[in-house]
Amino acid sequence: SLFGIFSILAGVLLIFLIFIMLATERKSEMGMARAIGVQRGQLVQMFITEGMLYDLVAAAAGVLLGLLVSWAMVGFINNLVNDVTGQVGGALGAQSGFFRFRFNVAPVSIVIAYCLGVLLTFLIVTIASWRVSRLNIVAAIRDLPESSVTKRRSWLHRIFTVAIGPILIAAAIWLLFISGLRLGPALAQLGTSLLLFGAALTLGWLLSLSGMRADTRNRIAYSLLGFGLLIVWTMSWERWSALLDVNLLERDPTVAVLSIGLSGPLIILGAILVVMYNADSLFWAISRLLGGIGYLTPVLKTAIAYPLSARFRTGMAMLLFAMIISTVVIMSIVIQVTQTLVSPDDERYAGFEIAVN
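Counting with my numbering, you get residues 12 to 368 for the letters of the sequence shown.
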């Protein structure tokens, strides 16, 4: 479901961010360990072992809490449906309470849920461990930002940097071709998003050949990517297809679910990319607006300086909070819509058990 997709994405981001924060706190210790001979693979093994200890215990606790919450939700839905059917049955003179939900759990489903939780968390921990192990020894010991130290990239990393952009562009063209055959807007949006990612990575690589500063080329590439994602996933394509008299909205039900699940995270990602890579310009605009309040200028500079020094961690934290708030807003809207449908309309019923049509 949509709630499940948002919850899983928020959980994945939370796990990834926790391990990034743990690695940041131990940056000097890891630098000293690398200096006395600890290999990068051993650092990865240390973090994976620690993550698996958390993973095994947390997955078991999560399964038990999930069973308790499911049992409570089944009881709540059962009472809600019985109230609704009681109102309808009383109005029609029929028997009320003809719907009943029962709590039933299969042992196989518990095992599958536990194994999936362990495997997904293990995958995220492995990716986070590999990322935090790629540190510079001098920068780690001195607690310097990684951007201030020039890194030597391996030939495999250079090949991947050059090839990933064209690969994504080719995959996007293939998806756009399929969407053109099937008239599927979801595939078209997904293909356009892949095209934007591939174009941004390719543009960043081309700008690096010109000797442009890393901050400047990242701002250009990722700002265009963010604006493109916002345009693709927030624009009302139904209205444009009606204006152009083109039938592009024959949705495939199997792909529409994917489109709904990806729209929220990609819109949030686009907005965060625009904000993070243009924070200096936004700060300049805010300082101009609040220029008359002199004491706010050093406060704003101090408050913005630290988040901008670690754009990746700040962006991940913003993405996590945005996903959680989006889930809460969607759940609130669904609950309110359900209550509106169930609750009697005072204007139509006027306090009586009759409806005026």
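By construction, the Cβ of each residue, glycine as well, lies at the ideal position given by its N, Cα and C atoms.
Alpha carbon of residue i to alpha carbon of residue j, nearest angstrom
| i | j | result |
| --- | --- | --- |
| G272 | S337 | 12 Å |
| V116 | G22 | 23 Å |
| V348 | M342 | 10 Å |
| M223 | L214 | 12 Å |
| A174 | F208 | 13 Å |
| G176 | L205 | 9 Å |
| L194 | I242 | With a pLDDT of 49 at L194, under the threshold of 50, the modelled position of that residue is not reliable, and the figure given next carries that caveat. Each residue's Cα considered, the two are about 20 Å apart. |
| M287 | V49 | 35 Å |
| A83 | G77 | 10 Å |
| V328 | R322 | A small correction: the amino acid at residue 328 is Ala; Val does not occupy that position in the sequence shown. Approximately 10 Å, taken between the alpha carbons. |
| V55 | R45 | 12 Å |
| Q53 | L280 | 33 Å |
| I19 | G275 | 13 Å |
| A296 | S234 | 17 Å |
| L259 | S221 | A caution first: L259 carries a pLDDT of 49, below 50, which makes its placement in the model unreliable, though a value can still be read off. Distance between the alpha carbons of L259 and S221 is about 41 Å. |
| V136 | G62 | 6 Å |
| S81 | L64 | 26 Å |
| G138 | Y306 | For the record, residue 138 in the displayed sequence is Ile; it is not Gly. Straight-line Cα distance between these residues: approximately 43 Å. |
| L79 | I344 | 25 Å |
| K38 | S320 | 16 Å |
From the options, residue whose alpha carbon lies closest to that of residue i
| i | options | result |
| --- | --- | --- |
| V310 | F294, T325, S320 and A328 | F294 |
| V285 | M334, M43 and A232 | A232 |
| L201 | G77, W185, T132 and L212 | W185 |
| V143 | A70, L280, R324 and M329 | R324 |
| S140 | S81, R45, L33 and G237 | L33 |
| F30 | L218, R111, L240 and M57 | M57 |
| K312 | R322, A290 and A333 | A290 |
| Y125 | V49, L67 and I47 | L67 |
| A8 | S221, L331, M43 and I19 | Residue 8 lies beyond the stretch modelled for the chain, which goes from 12 to 368, so this question has no answer here. |
| S219 | W244, T172 and I123 | T172 |
| L24 | G237, G326, V345 and I346 | G326 |
| V119 | R230, L330 and V74 | V74 |
| T227 | S292, W244 and T203 | S292 |
| P318 | I283, L212 and I335 | I283 |
| T203 | A183, L217, F188 and I47 | A183 |
| V149 | I335, E40 and A314 | E40 |
Continuous alpha helix (DSSP H) stretch holding residue i: start and end
| i | result |
| --- | --- |
| G128 | P118 to S144 |
| R230 | A225 to T245 |
| I148 | I148 to R153 |
| R45 | K38 to A46 |
Check: residue i C-beta below 7 Å from any heavy atom of the ligand ZN
| i | result |
| --- | --- |
| R228 | Judged by which ligands are present, the structure shown has none, so any question about the ligand ZN falls away. |
key: Start-end ranges of the alpha helix (DSSP H) lying completely within the segment 269 to 329, minimum 4 residues   = 290 to 300 and 307 to 320
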